[in-house]
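Colleague: Residue numbers (my numbering): 472 to 743. A single structure is presented below for examination.
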Ligand code: KIV
């Protein structure tokens, strides 16, 4: 293991808010284990998400639905051991927040036993009471709008969200409502660039995009997609950073630089 000394300051919610104000792009990636977490830390990633995408990229499942609270806790504990400065977010898996009590208990587990600094949950205005309950109990929340993979069977596949005027209007209203309920961060997945820009402008909290265009305050991708080792087809909004790199570390470094310099996403990664 590397013994490199890291002199960067810890990333906090306050720091992310300052970055939004200063128009400094926030570089985020997923991770599922300590070795990759340490590499992400070394390359200056600001936010690390233990995503329930682990169901697909680690467990080989077709969707994120089978992922359990125990799976998320285990991988959060692994990732936390590799991090020093990055903010660590853990996804609330499918059906782990069906009531406010259940949400607080499971999120509390990720923070108390896992070392997470924040939890992320999918859902629009229907989750507003849950976000408020988490907020009331001192649990930072990243809300997740746009394409919500836990709803894949409800929406009938993975597709861009918010393309028609009514859906776009609802997403903007949901985002503001979730912020007002106490969300500290917003993630937008597969959203037309113009709508993501509108939501980013309307919110005080930072907005992180994945397939949501260039105007978000930060970007996130699935680590295994940028390393070109994911099972299946890499989505349009992602990029293989291994193609022009000599090592995994260099590929991650290139991703971080591309986000920071607003070179990623490029036009070919954006939805209109
Ligand atoms: O689970 C995950 O990795 C995610 C990202 C796609 C943002 O939610």
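By construction, the Cβ of each residue, glycine as well, lies at the ideal position given by its N, Cα and C atoms. The structure displayed is predicted, hence computed values, not measured ones.
According to DSSP, simplified to helix, strand and coil, what is residue 689?
Modeller: If DSSP states are grouped into helix, strand and coil, residue 689 belongs with the strands.
Colleague: I'd like to confirm the pairing. Which residues does DSSP put opposite residue 614 in its beta bridges?
Modeller: Partner(s): 592 and 657.
Colleague: Based on the DSSP output, what are the partners of residue 561 in its beta bridges?
Modeller: According to DSSP, residue 561 bridges with 521 and 590.
Colleague: Could you check if residue 522 belongs to the surroundings of ligand 1, using beta carbon to heavy atom distance under 7 Å?
Modeller: Checking every heavy atom of ligand 1 against the Cβ of residue 522, one is found closer than 7 Å.
Colleague: Please classify residue 567 as buried or exposed, where buried requires at least 16 other C-beta atoms within 10 Å of its C-beta.
Modeller: With 16 or more Cβ atoms within 10 Å of its Cβ, residue 567 is classed as buried.
Colleague: Can we count residue 660 as close to ligand 1, meaning its CB is less than 7 Å from some heavy atom?
Modeller: For ligand 1, at least one heavy atom lies less than 7 Å from the Cβ of residue 660.
Colleague: Which parts of the stretch 491 to 555 are runs of the beta strand (DSSP E), unbroken and 3 residues or longer, counting only runs that do not cross its ends?
Modeller: The stretch 491 to 555 contains these whole beta strand (DSSP E) runs: 497 to 501 and 518 to 521.
Colleague: Suppose you measure from the CA of residue 496 to the CA of residue 734; what does that come to, to the nearest Å?
Modeller: Spanning the two alpha carbons is a distance of roughly 11 Å.
Colleague: Which word fits residue 480, buried or exposed, when buried means at least 16 other C-beta atoms lie within 10 angstroms of its C-beta?
Modeller: Residue 480 is exposed by the Cβ-count criterion.
Colleague: Flag residue 562 as yes when its Cβ comes closer than 7 Å to any non-hydrogen atom of ligand 1, and as no otherwise.
Modeller: Checking every heavy atom of ligand 1 against the Cβ of residue 562, one is found closer than 7 Å.
Colleague: Since residue 678 sits in a beta bridge, which residues does DSSP pair it with?
Modeller: DSSP, once it has assigned bridges, lists 657 as partnering residue 678.
Colleague: Quick one: measure Cβ to Cβ for residue 535 and residue 727, integer angstroms, because I've assumed they're closer than 8 Å.
Modeller: Actually they are not in contact, since the Cβ atoms of residue 535 and residue 727 sit about 25 Å apart, beyond 8 Å.
Colleague: For residue 571, I'd like the list of residues in its chain whose CB is within less than 7 Å of its CB, leaving aside the five on either flank, ordered along the chain.
Modeller: The residues are 600, 601 and 604.
Colleague: Please tell me whether, using a cut-off of 7 Å, the distance from the CB of residue 691 to the nearest non-hydrogen atom of ligand 1 is below it.
Modeller: Yes, Cβ of residue 691 sits closer than 7 Å to a heavy atom of ligand 1.
Colleague: Excluding the five sequence neighbours on either side, which residues of its own chain have a C-beta within less than 8 Å of the C-beta of residue 516, listed in chain order?
Modeller: So the qualifying residues of the chain are 498, 499, 500, 557, 723 and 727.
Colleague: Sorted by chain position, which residues of the same chain lie with C-beta nearer than 7 Å to residue 506's C-beta, five sequence neighbours on each side aside?
Modeller: Around residue 506: 553.
Colleague: On a Cα-Cα basis, can you pick out the residue from 550, 511, 547 and 559 that is closest to residue 482?
Modeller: Here the closest residue by C-alpha is 559.
Colleague: For residue 734, does the three-state DSSP call read helix, strand or coil?
Modeller: It is coil, neither helix nor strand.
Colleague: What's the call for residue 676, buried or exposed, on a 16-neighbour Cβ count within 10 Å?
Modeller: The residue in question, residue 676, is buried, as its Cβ has 16 or more Cβ neighbours within 10 Å.
Colleague: Can you find a heavy atom of ligand 1 that lies under 7 Å from the Cβ of residue 547?
Modeller: No, the Cβ of residue 547 stays beyond 7 Å of every heavy atom of ligand 1.
Colleague: If we ignore side chains and look at the alpha-carbon of each, how far apart do residue 739 and residue 709 end up?
Modeller: Cα to Cα, the separation comes out at about 9 Å.
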